[in-house]
Structures are given as structure tokens and as C-alpha cells.
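Scroll down for the structure; my scribbles are underneath it.
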Ligand code: SAJ
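Numbering (this note's numbering), first residue to last: -17 to 405.
Listed below in C-alpha cells is the structure:
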């Protein structure tokens, strides 16, 4: 089939590569000329394992092209961002412009699929309405379905193939048609349902994780007050066959978990109480870590230099969207009494030269492990100790071995274990 994918971001691009390497002709559309130009040369501008190989293979074999304008196709897949507005409601501007963009090329019998994470009702009422006003009866003249992605950044290509999928059609016919299409590369099960159920499913998956992380963060704060190591509590409690406590951290980032729960709250603010409290709890974590940094450097006179390791929203990715570490940096900068230096080879920090960790940490009063990127696992702590002015670390991810850090002469502080601060 000829497939036109609107939006070549973290989801649209890998999806385009998948269809293009599984027997279809794909045209990827993006408003960003840089993305389009890169793709035409078989290149990508984001970091995701194996994606560039897949894209380059598809471009070479002629099954993947890119443009800023759609063409006539059998299938249109909308993979555009759904940002969150300051009032915590979804901004559907891109879904709207993406849908309108395909209208001049849409024909009876085509398939329209929404993949973007959206508030419940978006496929049926919002996209469906635009199509209906353009003269296409959704489900009759064109198939219309919601088919959410559920892939984990860093493992996108594997998960696109292996994860189960849900397809929510505006009617059974639409759901079945879309299921048949995705079968070409999805090895997991494809379950069909109706559109709004599928939208709610997608949102609840991420909400489930957000609520669990909030519980872990609350546990971390409780344990700090009570002199208990939260990470030990988690480790031992998770030996129970029906318990799966998540991990605390400096906050929840990314464009999924930190955003999606609000799309449910937006529809039912009075009822979605646990969901919104979890969001507020997780959003409060950068501030909590900021306070710990303040406490840990309380004894330092004058400007305090803090070396922050990692700024992306999670390890081994380049994505900084909604990263809690950006917020933490903002809080430190606003205070005026801190000077921060960031080490992160994944993130595009606009620095001309990648910072060497031992250079970055020199003369600092605290080193904070904010993101557990793989390379931070292999640090020469003795060298760090020699470079620092006050030899102290704060590990927000339980990533380092306390003994190893301490045997190098550094003071080890762990988020979720308040012993050294509150004893
Ligand atoms: N985090 C914690 N503690 C944990 C787990 C995660 O603090 O125990 C933090 C991470 O540091 C990060 C954030 O949560 O800042 C989110 O990371 P993540 O790895 O949990 O999830 P995402 O946002 O990369 O991807 C999620 C996935 N959803 C679920 O696992 C239910 C993925 O499958 C979805 O496809 C993706 O959202 C999406 O696109 O919606």
C-alpha cells in the first residue's frame, strides 16, 4: 500500500521505517525541513538505537521518501505531537493541522489512523468531525481508527515489533482494516476495540506508571524523614509475588508519562483525584531534590558549584522534553547562590565541546547523579575526589555503590535515604 505518515518524530519515523521495510511504500511528511532533508539522505537527527540503519535501508531500497507535502495514498497515519498547554489541557493544534493537511488527498476507501496520544474522544469527535465536515463519513467512506504506540524510547524498534497493540476503530470495519495493515510488522497480538476505549487504554497505561512512581517518590520522602533506606524497602517488598513498587527519582519526564495523565484529568477533574495528586507529587520532585542540594551545601560560604550528571528525561536517550533536571537547573539558577555545570554527552546542550566529567567537577561542592546514563556507572571516584572542593555526592537514582564511593573518600548521599541529613 501507499502509506503517508504525518509527523516524523520519535514515533512517526520508526513507524515509517517499519512499514517501508515490510512491503509498503511510505512517504513521510514533516514541517521541519531539516528532518525531511536528513531522511532523504537516509539519515536521522534523533538518537534511537538501530533507527538510522532501518531508515537508511528503506531509503536505499526506494520504499521510504520524505516531503513537506502529502500525496495521494491508501493510508494516512497521523503521528504529530500533542503538547500540553499551561492550563494542563491538550493542545490539539497539530492533530488538527495534520488532519486538515491530508484532506486534499483523501479518497473514499482510504484509511485514516491517529497514533498521537490524545484525550478520550479525539479520534471519534475531533478527527472524525473534521473528516465529516469535509464530506467523508468516518467508518463508511473512510476507515478511521486510533492505534496508539506503546514503545519505550531507547527500545523503539524492538518494541514496535514485539509489543501487543490495540486498535480502536470508530466501527468494527475500521478496526479490522487497521489491524490487517499493522500485522505486516507487529509480532505481538493486535486487539481490536472501539476508538475511545483505545484512547483511554493508552492514557491509563502511562497513568498507571505515573501513579506508581508517585507512590515510590512519596515512599522516598517518608523514608528520608524516618531514617530508612527506601531502596531497601522497595527491594524487599518486591519479593512479594503481587507487589511491584517503582523507583523514586528526581521527577518524571518525557512527553508521555509526565503529560498523559492530565488528558484524563482534563475530561473529569473532580473524579480523577489520585491521578492529579500523582502528577503533583512527581512534579514536586525537582523542588525536593533542590532542597536536598541546599541542605547538603548549607555549610559552604559564597557561591556553591554544583556538578550535575545527566539532563535528559531518562538514561541513554537524547530527549530532554519535560526533563525534571531542566527544572532543577532552573531552580538552582534562580537562587543566585549556585553555579551549575552539566555533563551529558547525549543531550544537545549547545556546547561546542563535550565536557569531560573530571574537568566539569573540578572545584565543585557537590556532584549530583541526576540521570543514570550508562557511562556514569564507570567513574574513577578517587579522581573525582581529587578534583572536587567539597567531596560530596548526591545519587538520586541509587546508581552507585555506596562503599565504592565512600572508599574513595567521598561523602555519599542517596535520595530516599536521609540518614546523613536527618540523623
Ligand atoms: N521513572 C521513575 N521511576 C520509575 C520509572 C520511571 O522515576 O520507576 C521516570 C524516568 O526517569 C522518566 C519517566 O519516569 O523520567 C518516564 O520514563 P519511562 O521509562 O517510565 O517511560 P517513557 O516515558 O520513556 O515511555 C512510556 C512507556 N509507558 C509505559 O511503560 C506504561 C512506553 O511504553 C510508552 O510508549 C511511552 O511512555 C509513550 O510514548 O507513551
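By construction, the Cβ of each residue, glycine as well, lies at the ideal position given by its N, Cα and C atoms.
- Taking 8 angstroms as the upper bound for CB-CB distance, residue 246 and residue 347 are not in contact here, some 42 angstroms apart.
- Rounded to the nearest whole angstrom, the CA to CA distance from residue 23 to residue 301 is 23 angstroms.
- Shortest gap from the CB of residue 100 to any heavy atom of ligand 1: 8 angstroms or more.
- The beta carbon of residue 399 lies closer than 6 angstroms to those of 211 in the same chain, with the five residues before and after it left out.
- At least 9 angstroms separates the beta-carbon of residue 89 from that of residue 11.
- According to DSSP, residue pairing for residue 394 in a beta bridge involves 375.
- Relative to ligand 1, residue 237 has its C-beta within less than 8 angstroms of a heavy atom.
- For residue 156, the enclosing alpha helix (DSSP H) starts and ends at 154 to 164.
- According to DSSP, residue pairing for residue 197 in a beta bridge does not occur.
- Between residue 193 and residue 114 a beta carbon distance of about 36 angstroms is seen, past the 8 angstroms cut, so the two are scored as non-contacting.
- Secondary structure at residue 382: coil, using DSSP grouped into helix, strand and coil.
- Bounds of the alpha helix (DSSP H) holding residue 79 are 75 to 84.
- Residue range -16 to -12 is occupied by the beta strand (DSSP E) that includes residue -16, with no alpha helix (DSSP H) assigned at that position.
- Taking a contact as a CB-CB distance under 8 angstroms, the pair residue 243 and residue 257 counts as one, their CB atoms being some 5 angstroms apart.
- DSSP, read as helix, strand or coil, puts residue 7 in strand.
- In terms of side-chain proximity, the C-beta atom of residue 215 is found no nearer than 8 angstroms to any non-hydrogen atom of ligand 1.
- For residue 386, same chain residues with a beta-carbon under 7 angstroms away, outside a window of 5 residues either side, are 363 in chain order.
- At a Cβ-Cβ threshold of 9 angstroms, residue 152 and residue 106 count as neighbours.
- Annotated three-state conformation of residue 269 is helix, per DSSP.
- Between residue 326 and residue 355, the alpha-carbon positions lie close to 8 angstroms from each other.
- The three-state secondary structure of residue 127, taken from DSSP, is strand.
- Ranked by Cα distance from residue 232, the options 305, 177, 174, 223 are led by 305.
- Assignment of residue 137 by DSSP, reduced to helix, strand and coil, places it in the coil class.
- A direct Cα-to-Cα measurement between residue 159 and residue 132 gives close to 20 angstroms.
- Each of 263, 340, 248, 322 was checked against the Cα of residue 275, and the nearest Cα belongs to 322.
- Here residue 196 has 260, 263, 264 as same chain residues with Cβ atoms under 6 angstroms from its own Cβ, once five neighbours each way along the sequence are excluded.
- Inclusion of residue 59 and residue -15 in the CB contact set at 9 angstroms is warranted, their separation being smaller than that value.
- Annotated as distal: residue 35 and residue -4, with beta-carbon spacing of 9 angstroms or more.
- With a cutoff of 8 angstroms, residue 106 does not count as near ligand 1, since its C-beta is closer than that to no heavy atom of the ligand.
- Less than 9 angstroms divides the Cβ of residue 176 from the Cβ of residue 150.
- No Cβ-Cβ contact shorter than 9 angstroms links residue 93 with residue 119.
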